[in-house]
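From first to last, the protein sequence lines stand for chains D and S. The numbering of the first sequence is our numbering, which starts it at 125 and goes up by one. The numbering of the second sequence is our numbering, which starts it at 3 and goes up by one. For reference, the structure discussed in these notes is given below.
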Amino acid sequence: SQQGEEDPQALSIQEGENATMNCSYKTSINNLQWYRQNSGRGLVHLILIRSNEREKHSGRLRVTLDTSKKSSSLLITASRAADTASYFCATAVGGIYSGGGADGLTFGKGTHLIIQP
Amino acid sequence: GAGVSQSPRYKVAKRGQDVALRCDPISGHVSLFWYQQALGQGPEFLTYFQNEAQLDKSGLPSDRFFAERPEGSVSTLKIQRTQQEDSAVYLCASSPRLVAPGELFFGEGSRLTVL
Numbered sequence: 125s126q127q128g129e130e131d132p133q134a135l136s137i138q139e140g141e142n143a144t145m146n147c148s149y150k151t152s153i154n155n156l157q158w159y160r161q162n163s164g165r166g167l168v169h170l171i172l173i174r175s176n177e178r179e180k181h182s183g184r185l186r187v188t189l190d191t192s193k194k195s196s197s198l199l200i201t202a203s204r205a206a207d208t209a210s211y212f213c214a215t216a217v218g219g220i221y222s223g224g225g226a227d228g229l230t231f232g233k234g235t236h237l238i239i240q241p
Numbered sequence: 003g004a005g006v007s008q009s010p011r012y013k014v015a016k017r018g019q020d021v022a023l024r025c026d027p028i029s030g031h032v033s034l035f036w037y038q039q040a041l042g043q044g045p046e047f048l049t050y051f052q053n054e055a056q057l058d059k060s061g062l063p064s065d066r067f068f069a070e071r072p073e074g075s076v077s078t079l080k081i082q083r084t085q086q087e088d089s090a091v092y093l094c095a096s097s098p099r100l101v102a103p104g105e106l107f108f109g110e111g112s113r114l115t116v117l
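Dropping the structure here:
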C-alpha cells in the first residue's frame with residue numbers, strides 16, 4: 125500500500141518558473157523524503173526533513189512539513205529543462221527497524237513534472 | 003563500486019519461467035531493500051535485509067518471490083513461475099544506516115517483462 129499521495133499527478137510549466145508539488149500521508153512519521161526519478165532510471169534522493177522540522181532548503185529546493193495536517197510540499201525554484209522528471213515523496217515510519225512492513229520507505233505515486241523550454 | 007549496481011537491466015521471460023535479479027549494494031552498506039515499481043506507480047516495498055538477515059519480507063506478494071543475501075553484500079531476488087502481473091521494474095536500494103531510513107541509494111532497476 126502507498127501512504128503518500130502526491131498532488132498534482134502531472135505538472136507542466138515554463139522554464140524559469142517555480143514548481144510546487146504536494147504530498148499527503150496517513151500515519152505518524154519519523155521523517156519524510158523527496159526523490160527524483162528520470163525516465164527509465166533509478167530514484168535519486170533530493171532532501172530529507174525530520175518530523176520535528178518545519179522547513180528545509182537545499183539549493184533550489186525548499187521543503188515544508190506540516191505534521192498536524194500530515195502534508196509536505198516541495199518547491200523547485202527557477203526550474204530548468206533538466207528538472208523534467210517524476211518526483212516522489214516517501215515516509216519513514218519506524219525509529220528502529222522492527223519488521224512488519226515498517227522498515228522501508230513508503231512511496232507515493234509521484235508527480236510527473238515537465239519543464240517546457 | 004561507486005553506486006548500487008543491478009543486473010540484468012532488462013529481462014524478458016515467458017510465463018512460467020524462473021528469473022533471478024541481482025543487486026550489488028554500495029560497499030559497506032548494511033541495509034538493503036527491494037522494491038517493485040509498476041508502470042506509472044511509486045515503488046512498493048518488498049523486503050529488507052540487515053547484513054545477511056532478512057528482517058522483513060512482508061511486502062513479497064506471494065511465495066513465488068524469494069530473496070537472499072547470504073554473505074551480507076550481494077542480494078538476489080528470485081521469482082519462480084513468473085506471471086504477467088510480475089511485469090515491473092525491480093529496484094534495489096542500500097543504506098549505511100541501521101535505524102529507520104535515512105537516505106536510500108537506489109540502483110537503476112531491473113525491468114522484467116513477462117510474456
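We treat Cβ as the ideally placed atom computed from N, Cα and C, and that holds for glycine.
(message) Taking 9 Å as the threshold (beta carbon to beta carbon), is D:Leu-167 in contact with chain S?
(response) Yes, its Cβ sits closer than 9 Å to a Cβ of chain S.
(request) Measure the alpha-carbon distance for D:Pro-241 versus D:Ser-196 and round it to whole angstroms. (result) The straight-line gap from Cα to Cα measures roughly 27 Å.
(message) Using a Cβ distance threshold of 8 Å, determine whether the segment 176-191 of chain D contacts the segment 130-138 of chain D, with at least three qualifying pairs required.
(response) These segments do not touch.
(message) Tell me whether the segment 35-49 of chain S and the segment 75-92 of chain S touch, counting them as touching only if at least three CB pairs, one residue from each stretch, are closer than 8 Å.
(response) A contact exists between the segment 35-49 of chain S and the segment 75-92 of chain S.
(message) Using C-beta distances below 6 Å, list every residue in its chain close to D:Ala-134, excluding the 5 sequence neighbours before and after it, in chain order.
(response) Counting only Cβ-Cβ distances below 6 Å, and skipping sequence neighbours, we find His-236.
(request) Compare the C-beta of D:Lys-150 with all C-beta atoms of chain S and state if any pair is closer than 9 Å. (result) Chain S places no beta carbon closer than 9 Å to that of D:Lys-150, leaving this residue out of the contacts.
(request) Tell me whether the beta-carbon of S:Phe-35 lies closer than 9 Å to the beta-carbon of S:Leu-106. (result) A distance below 9 Å separates the beta carbons of S:Phe-35 and S:Leu-106.
(message) Determine, for S:Gly-111, whether the minimum Cβ-Cβ distance to residues of chain D falls below 9 Å.
(response) Output row for S:Gly-111: interface = yes.
(request) Let me know the secondary structure DSSP gives S:Ala-55 once reduced to three states. (result) Reduced to three states, the DSSP call for S:Ala-55 is strand.
(request) Starting from the C-beta of S:Thr-78, find all residues in its chain whose C-beta is less than 6 Å away, skip the five residues before and the five after it, and write them out in chain order. (result) Excluding residues within five positions, the ones whose Cβ falls inside 6 Å are Ala-22, Arg-24, Glu-70.
(message) Please confirm whether D:Gln-240 has its beta-carbon closer than 9 Å to some beta-carbon of chain S.
(response) The beta carbon of D:Gln-240 sits no closer than 9 Å to any beta carbon of chain S.
(message) Considering only DSSP beta bridges, list what D:Asn-146 is partnered with.
(response) The partner list for D:Asn-146 (beta bridge, DSSP) reads D:Asp-131, D:Ser-197.
(request) Report the residue ranges of all beta strand (DSSP E) runs contained in full by the segment 24-76 of chain S; include only those spanning at least 3 residues, in chain order. (result) Within the segment 24-76 of chain S, the complete beta strand (DSSP E) runs of at least 3 residues are 33-39, 46-52, 55-58, 67-70.
(request) Note down, in chain order, each residue of its chain lying with its Cβ closer than 7 Å to the Cβ of S:Val-14, except the 5 sequence neighbours on either side. (result) So the list reads Thr-115, Leu-117, once near-sequence residues are dropped.
(request) Check the C-beta distance from D:Arg-160 over to D:Leu-172 and give it rounded, since I have them as a contact under 8 Å. (result) Going by Cβ atoms, the distance from D:Arg-160 to D:Leu-172 rounds to 13 Å, so no, they are not a contact pair.
(message) For chain D, check one thing: does any of its Cβ atoms lie closer than 9 Å to the Cβ of S:Pro-45?
(response) With 9 Å as the cut-off, S:Pro-45 counts as an interface residue toward chain D.
(message) Quick check: what's the CA-CA separation for D:Glu-139 versus S:Gln-86?
(response) The alpha-carbon atoms of D:Glu-139 and S:Gln-86 are separated by roughly 40 Å.
(request) Report, in whole angstroms, the separation of the C-beta atoms of D:Gly-247 and D:Ser-210, which I expect to be a contact under 8 Å. (result) Residue 247 of chain D lies beyond the stretch modelled for chain D, which goes from 125 to 241, so this question has no answer here.
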